[in-house]
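Participant: Here's a structure for you.
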Amino acid sequence: MNALQSTLHFLFPPMCTCCRSPLEDTHTTLCASCWSQLLPIDPSSRCPRCFHPYCSNHRCPKHLTVLSKNAICFEDSPALQTLRNAPNQIDALAGLLFFYWHSLSWPTPEVIVPTPGDWFSKKSWEMRKKISKTFSLFLHLPAPVLPSLQRDKLPIPHLEIEQQENADLSCMTFQPSVINKSVLIIHDELSTGISLSLTAQALLQYGASRVYGLSLYETSFS
Numbered sequence: 515m516n517a518l519q520s521t522l523h524f525l526f527p528p529m530c531t532c533c534r535s536p537l538e539d540t541h542t543t544l545c546a547s548c549w550s551q552l553l554p555i556d557p558s559s560r561c562p563r564c565f566h567p568y569c570s571n572h573r574c575p576k577h578l579t580v581l582s583k584n585a586i587c588f589e590d591s592p593a594l595q596t597l598r599n600a601p602n603q604i605d606a607l608a609g610l611l612f613f614y615w616h617s618l619s620w621p622t623p624e625v626i627v628p629t630p631g632d633w634f635s636k637k638s639w640e641m642r643k644k645i646s647k648t649f650s651l652f653l654h655l656p657a658p659v660l661p662s663l664q665r666d667k668l669p670i671p672h673l674e675i676e677q678q679e680n681a682d683l684s685c686m687t688f689q690p691s692v693i694n695k696s697v698l699i700i701h702d703e704l705s706t707g708i709s710l711s712l713t714a715q716a717l718l719q720y721g722a723s724r725v726y727g728l729s730l731y732e733t734s735f736s
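Start counting at 1 in the sequence shown, then tack on 514, and there's your number in our numbering.
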């Protein structure tokens, strides 16, 4: 078997799934150069409430003030998109989220909820649910994952309409209940933060005591 593997590696050397350069370590899918793109965002440079970059006239966007705290792990990069689009990298993405969450010293969530999806974004929704379940396993006391939110209507581009018109969310029955519990929302791509804030509003309406938002990466704030 070892001889066969050596022959296959010689004939078909493993390559980085992002830049296609040869891999020295065959136990990883990215080369060292692409891994270096995954630099965590320094929380001290961001507002702890909305996670917007600090500036002289900073004010938290109103729709993000429903969150107790918000955080984003990375800025977008080709390496991150490669991991995000690879079905076998769910554990890696969940691990990156977990270690970043741990560095924030937030309280351990009692419930984890992935942001909702619809038929138009079913692939992303499934990924968020899987990441949430794996993230929960990393906790000392695993929190239940509740994929109990769904959109009522098709999504409308965020930049074309006001926040309250963006999408309607309906809450199905929560099991277990979120009443008086600390909830962590897991999100993947954060641009405007509207989906995150709508999810937080729905959870607060159903009795959650605190809601935190954790996103894998950001594209751009509006």
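Using N, Cα and C, we set each Cβ at its ideal position, and we do this for glycine too.
All of these numbers come straight from a predicted model, not from anything done at the bench.
Between which two residues does the beta strand (DSSP E) harbouring H701 extend?
Facilitator: S696 to L704 is the extent of the beta strand (DSSP E) around H701.
Participant: Based on Cα-Cα distance, which residue from L653, I699 and S638 lies nearest to L660?
Facilitator: Checked all of L653, I699 and S638; the closest Cα to L660 is I699.
Participant: How long is the line joining the alpha carbons of Q551 and V625, rounded to whole angstroms?
Facilitator: Between Q551 and V625, the C-alpha separation is close to 31 Å.
Participant: Using a threshold of 9 Å, state whether the C-beta atoms of A600 and T648 are closer than that.
Facilitator: No, the pair does not count as a contact, with Cβ atoms beyond the cut-off.
Participant: Along the chain, where does the alpha helix (DSSP H) that runs through F613 open and close?
Facilitator: Run containing F613: I604 to L618, per the alpha helix (DSSP H) assignment.
Participant: What did DSSP end up calling A585 once you bin it into helix, strand or coil?
Facilitator: Note: A585 maps to strand in three-state DSSP.
Participant: By how many angstroms is the C-alpha of C548 removed from the C-alpha of C532?
Facilitator: Their backbone Cα atoms lie some 7 Å apart in a straight line.
Participant: Could you tell me if Y568 is buried or exposed, where buried requires 16 or more neighbouring beta carbons within 10 angstroms of its beta carbon?
Facilitator: That one is exposed.
Participant: On the DSSP letters alone, give me the boundaries of the beta strand (DSSP E) that L718 sits inside.
Facilitator: Run containing L718: none in the beta strand (DSSP E); it sits in the alpha helix (DSSP H), I708 to Q719.
Participant: Using the Cα positions of L718 and L597, report the straight-line distance between them to the nearest angstrom.
Facilitator: Roughly 32 Å between the two C-alpha positions.
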